[in-house]
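Down below is the structure, laid out as structure tokens.
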Amino acid sequence: MANNPTETVKDYQNYVDKKSPNSPILKNCFNAFWVGGLICAIGQIISGFCKSRGLDTELSGTVVSILLIGFSAFLTGLNLFNKIGKFAGAGSLVPITGFANSIVAPAMEYKSEGYVMGVGGKMFTVAGPVLVFGISTSIIVGIIYLIFNTTGITLV
Amino acid sequence: MSFLQSLDWMQILKAFVVGGLICVIGQILIDKTKLTPARILVIFVTTGTILGGLGLYKYLVDFAGAGATVPLTGFGYNLSKGAIEAVKEYGLIGAFIGGIKASAGRNFCSSIFWLSCLFN
Amino acid sequence: MQKLGSQTIKFDNPPSILDTACIVGPKEADGPLAKYFDQCLDDEFWGEKTWEKAESKIIKETVSTAITKSKIPADSIDMCFAGDLLNQCISSSFGLRYSNIPFIGIFGACSTFVEGMGLASSFIDGGGATNALCAASSHFCSAEKQFRFPLELGNQRPPTSQWTVTGAGSAVISKNGNGPFVTHFTPGKIVDMGIKDANNMGAAMAPAALDTLLTHFKDTGRKPSYYDLILTGDLGHIGKDILKDLSQKNGYNINANYNDCGVLIFDKETQDTHSGGSGCACCGSVFSGYVFNKLRNKEINRVLLIATGALTNSTTNQQGESIPGIAHAVAIENTI
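Residue numbers (this note's numbering), protein chains in the order written: chain A, 9 to 164; chain B, 543 to 662; chain C, 20 to 355.
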């Protein structure tokens, strides 16, 4: 048949793409923007508070991380974070809250398989790759910095 | 009231806008490329590390504060900052310990907080 | 038992479905078909510690309800065909381990229910069994855990994704009975049209459903209008749309009497299930609850039930393999 989309794999893929609805990207982006922005703004307020109490920038940053991670882990434990994530998408995923959620969620899920291989083994299923790639890149950055600095060229 | 007045509202607005925009980039990646959340997070942390290594991310942090440090790119920036500082101090070995040192605080506390799931 | 055409079995003495049972979870209980289910659970655990245990309990209780309703003694059931989605079909084997019925574990992904019904009918018509039972279960939480991400992970589901039905369906089929009768069984071929998106199962399975549907019509010489209802298992809204369109393109118009269990079981607008329901229990519970009820009351008399399955797992999916689909069909009629 001439217009049969099941003739070839490619035709069918195109046909399915046409038939499948797209994600409501504008709405998703709007929600991601204000939730993500709000989380960052809360971080800024915490950091401002820390600085007003005399903490240095570095330490304030750590306090912000700890509080946001703790809050996110708490919400995950109450089964609320997935509802926020469903609404906000990248808005709650990209900030440090999403990273914390990605550790706590598998830990809760696999608790039934024991604490060592269940919780311990699975908690970094999502966060593990993030740490591996992040730290590996930082090692490369360090080495490049070392090479270029010793030859007298500084990056930026 | 004095606490509210002491806050730098302009800085908070900057953090809101920049942090929000970084999240929008992530949302576009999710909707347009069908990448899984794990891959999105890896892309963000790697981008942050590279931009940090090039010294570019620092400008964003100076401008937006928490708007740049709270998203995962900020985590990458911290990693590269840690690596570079450790290289200055210890040389080659610093490249290997710097990132881990910088992330230790966050890793530790996130590991601690899974305890919350025990009460669930 | 005789073979028609290329792959359809026609039963000489069509076995009768004595009775069916289904138990579903809380989300299904909020759906439009709630009043047809035998039992609706208040939560996903049903007093158990893990989701896997809960799923085993669901299939165990569903099977015992079906046996009770069929009014034949449990020890007169010669064979049980059951399956589910979890690795090595543990829900059905754990759920039925103390049932004392010869057990044949089957896997056809979400097509398991009809696969079991077809096999049970074949064994009965072939003389290998007098009474047989088929059952299939799935559980939203255990399926998400195995195939996707932890439930607590805050991510968004794309609009093409489907919602695994929590529950189980079971049917007791016998050589003797007053119907409805299983008259034909068309086992399907594996069809792979190269879809790789695990969030668009409906599109991956629709070509398999089309293949089985067309084969069934060719083998039996029947037309779509012969049936009061043509019902696919879990194609969902997108797959349903595709199947309608494709069968029209192939010269069979099924628009008037076609529906899909995944579309029926949830209300898309209020339940946020995106493309609809999926899972073994989708077809199992909708047939055992809703369709069987209508057959019994003679509201409909001829049903073609085509359960669809996606023969994939998370490993092959991560390795970038496409998703092969399968569909099995049984014709169920009130009169022979």
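Where is the CB? At the ideal position from N, CA and C, for every residue including glycine. As the structure is a computational prediction, the values presented were derived from the model and not from experiment.
- Have a look at A:Gly56, A:Ser60, A:Lys26 and A:Val102 and flag the residue whose alpha-carbon is nearest the alpha-carbon of Gly562 (chain B). Residue 562 (chain B) sits at position 20 when you count from the first residue of the second sequence. Residue A:Val102 is the option with its Cα nearest to Gly562 (chain B).
- Measure the alpha-carbon distance for Lys29 (chain C) versus Thr239 (chain C) and round it to whole angstroms. Counting from 1 along the third sequence, the entry for residue 29 (chain C) is found at position 10. Counting from 1 along the third sequence, the entry for residue 239 (chain C) is found at position 220. Lys29 (chain C) and Thr239 (chain C): Cα-Cα distance of roughly 9 Å.
- Please go through the same chain and pick out, in chain order, the residues whose beta-carbon is closer than 8 Å to the beta-carbon of Thr39 (chain C), but skip the five residues on each side of it. In the third sequence, the residue the question calls residue 39 (chain C) occupies position 20. Ala85, Lys88, Gly188, Ser189, Ala190, Val191, Phe306, Ser307, Gly308 and Phe311, listed in sequence order.
- Query: Looking only at its own chain, which residues have a Cβ that is under 6 Å from the Cβ of Ser193 (chain C), when we skip the five neighbours before and after it?
  - Reply: Locating residue 193 (chain C) in the third sequence gives position 174, where the first residue counts as 1. Within the same chain, Ser193 (chain C) has close Cβ partners Ser35, Leu37 and Asn150.
- Throw me the rounded Cβ distance for the Val629 (chain B) and Gly641 (chain B) pair, which I believe falls under 8 Å. Looking up residue 629 (chain B) in the second sequence gives position 87. Looking up residue 641 (chain B) in the second sequence gives position 99. About 11 Å separates the two Cβ atoms, so there is no contact after all.
- Message: Whole angstroms are fine: how far does the CA of Ala610 (chain B) sit from the CA of Val560 (chain B)?
- Response: Stepping through the second sequence from its first residue, residue 560 (chain B) is reached at position 18. Stepping through the second sequence from its first residue, residue 610 (chain B) is reached at position 68. Approximately 7 Å, taken between the alpha carbons.
- Item | C-alpha gap between Leu314 (chain C) and Leu323 (chain C), whole angstroms | In the third sequence, residue 314 (chain C) corresponds to position 295, counting from 1. In the third sequence, residue 323 (chain C) corresponds to position 304, counting from 1. Looking at the two C-alpha atoms, the distance is approximately 12 Å.
- Which residues in the same chain as Phe41 (chain A) place their Cβ atom closer than 8 Å to its Cβ, once the five residues preceding and following it in sequence are excluded? Counted from its first residue, the first sequence places residue 41 (chain A) at position 33. Once the five neighbours on either side are set aside, the close Cβ partners of Phe41 (chain A) are Gly99.
- Item | Alpha-carbon spacing of Leu139 (chain A) relative to Lys91 (chain A), whole angstroms | Along the first sequence, one-based indexing puts residue 139 (chain A) at 131. Along the first sequence, one-based indexing puts residue 91 (chain A) at 83. Taking the straight line from one Cα to the other gives about 25 Å.
- Task: Please check if any C-beta of chain B sits within less than 9 Å of the C-beta of Gln165 (chain C).
- Result: Indexing the third sequence from 1 puts residue 165 (chain C) at position 146. No, Gln165 (chain C) lies away from the interface with chain B (no Cβ there is under 9 Å from its Cβ).
- Query: So which residues of chain D does Phe605 (chain B) contact, with C-beta pairs closer than 8 Å?
  - Reply: Structure shown: chain D not included; protein chains present are A, B and C.
- Under 9 Å from the C-beta of Met116 (chain A): neighbouring residues of chain C: Counting from one through the first sequence, the residue named residue 116 (chain A) turns up at place 108. Within 9 Å Cβ-Cβ: Pro169, Leu170 and Glu171.
- For Trp551 (chain B), does the count of other Cβ atoms within 10 angstroms reach 16, so buried, or fall short, so exposed? As a first step, residue 551 (chain B) is located in the second sequence; it is residue number 9 there, counting from the start. Burial call: exposed.
- Can you tell me whether Val124 (chain A) is buried or exposed, with buried defined as 16 or more other CB within 10 angstroms of its CB? One-based indexing of the first sequence puts residue 124 (chain A) at position 116. It is exposed - the Cβ of Val124 (chain A) has fewer than 16 other Cβ atoms within 10 Å.
- Proximal residues of chain C, C-beta to C-beta of Pro579 (chain B) below 8 Å: Counting from 1 along the second sequence, the entry for residue 579 (chain B) is found at position 37. Within chain C, the residues near Pro579 (chain B) are Phe168, Leu172 and Asn174.
- By the 10 Å Cβ neighbour count, where 16 or more other Cβ atoms means buried, how is Arg11 (chain C) classified, buried or exposed? Chain C is shown from 20 up to 355; residue 11 (chain C) falls before or after that span and cannot be answered.
- Query: Does the beta carbon of Gly150 (chain A) sit closer than 9 Å to a beta carbon anywhere in chain B?
  - Reply: In the first sequence, residue 150 (chain A) corresponds to position 142, counting from 1. Gly150 (chain A) counts as touching chain B.
- Message: Give me the subset of the stretch 125-155 of chain A whose CB atoms are less than 9 Å from a CB atom of chain C, sorted by chain position.
- Response: Lys130, Thr133 and Val134
- Task: Return no unless some Cβ of chain C is closer than 9 Å to the Cβ of Pro103 (chain A).
- Result: Here residue 103 (chain A) refers to the residue found at position 95 when the first sequence is read from its first residue. Not closer than 9 Å to any Cβ of chain C, the Cβ of Pro103 (chain A) fails to qualify, so no.
- How would you label Gly62 (chain A), buried or exposed, when you count the other beta carbons within 10 angstroms and need 16 or more for buried? Taking the first sequence and counting its residues from 1, one reaches residue 62 (chain A) at position 54. Exposed, since its Cβ has fewer than 16 Cβ neighbours within 10 Å.
- Comparing alpha-carbon positions, which option in C:Gln107, C:Ser111, C:Ala73 and C:Ile284 lies nearest Cys160 (chain C)? Translated into the one-based positions of the third sequence, residue 160 (chain C) becomes position 141. Among C:Gln107, C:Ser111, C:Ala73 and C:Ile284, the Cα nearest to that of Cys160 (chain C) is on C:Ala73.
- To the nearest angstrom, how far is it from the Cα of Ile120 (chain C) to the Cα of Asn218 (chain C)? Position 101 of the third sequence, counted from the first residue, corresponds to residue 120 (chain C). Position 199 of the third sequence, counted from the first residue, corresponds to residue 218 (chain C). Between Ile120 (chain C) and Asn218 (chain C), the C-alpha separation is close to 37 Å.
- Query: chain A beta carbons: is any one of them nearer than 9 Å to that of Asp264 (chain C)?
  - Reply: Here the question's residue 264 (chain C) lines up with position 245 in the third sequence. Asp264 (chain C) counts as touching chain A.
- Where does Ile109 (chain C) sit, in a helix, a strand or coil, going by DSSP? Position 90 of the third sequence, counted from the start, is the residue given in the question as residue 109 (chain C). Of the three classes helix, strand and coil, the one that applies to Ile109 (chain C) here is helix, per DSSP.
- Query: Does Phe89 (chain A) come within less than 9 Å of chain B when only Cβ atoms are used?
  - Reply: Within the first sequence, the letter at position 81 stands for residue 89 (chain A). Not one chain B Cβ lies under 9 Å of Phe89 (chain A).
- Item | Ile143 (chain A) versus B:Leu549, B:Tyr619 and B:Leu571, residue with shortest Cα-Cα distance | Stepping through the first sequence from its first residue, residue 143 (chain A) is reached at position 135. Answer by Cα proximity: B:Tyr619.
- Leaving out the 5 sequence neighbours to the left and right, which residues in its chain are closer than 8 Å to Lys317 (chain C) when beta-carbon positions are compared? By one-based count along the third sequence, residue 317 (chain C) stands at place 298. Same-chain partners within the cutoff: Asn353.
- Secondary structure of Gly136 (chain A), DSSP reduced to three states: On the first sequence, residue 136 (chain A) is found 128 positions in, with the first residue counted as 1. Correct three-state label for Gly136 (chain A): helix.
- Query: Considering only C-alpha positions, which residue in the set C:Tyr246, C:Asn272 and C:Val282 is nearest to Lys259 (chain C)?
  - Reply: The residue labelled residue 259 (chain C) in the question sits at position 240 within the third sequence. Of the candidates C:Tyr246, C:Asn272 and C:Val282, the one whose C-alpha sits nearest the C-alpha of Lys259 (chain C) is C:Val282.
- Element boundaries [beta strand (DSSP E), containing Glu318 (chain C)]: For this step, residue 318 (chain C) is matched to residue 299 along the third sequence. First-last for Glu318 (chain C): undefined, no H or E at that position.
- Listed by chain order, chain B residues near Leu46 (chain A) by CB distance under 9 Å: On the first sequence, residue 46 (chain A) is found 38 positions in, with the first residue counted as 1. Going along chain B in sequence order, the residues near Leu46 (chain A) (Cβ under 9 Å) are Phe558, Gly561 and Gly562.
- Sort C:Ser180, C:Gly135, C:Gly198 and C:Gly66 by Cα distance to Cys302 (chain C) and report the nearest one. Position 283 of the third sequence holds residue 302 (chain C). Closest option to Cys302 (chain C), Cα to Cα, is C:Gly135.
- Task: Taking C-beta pairs closer than 7 Å, name the residues in chain C that Tyr123 (chain A) reaches, listed in chain order.
- Result: Numbered from its first residue, the first sequence carries residue 123 (chain A) at position 115. Within 7 Å Cβ-Cβ: nothing; Tyr123 (chain A) doesn't reach chain C, min ~15 Å.
- Exposure label - Val668 (chain B); buried when at least 16 CB within 10 Å: Outside the modelled stretch of chain B, which goes from 543 to 662, sits residue 668 (chain B), for which no answer is possible.
- Item | 9 Å Cβ cut-off: residues of chain C touching Lys94 (chain A) | Counting from 1 along the first sequence, the entry for residue 94 (chain A) is found at position 86. Ordered by position in chain C, the residues that pass the 9 Å Cβ test against Lys94 (chain A) are Gly173, Asn174, Gln175, Arg176 and Asp291.
- Message: Would the stretch 22-39 of chain A count as touching the stretch 164-178 of chain C if we require 3 or more Cβ pairs under 8 Å?
- Response: yes
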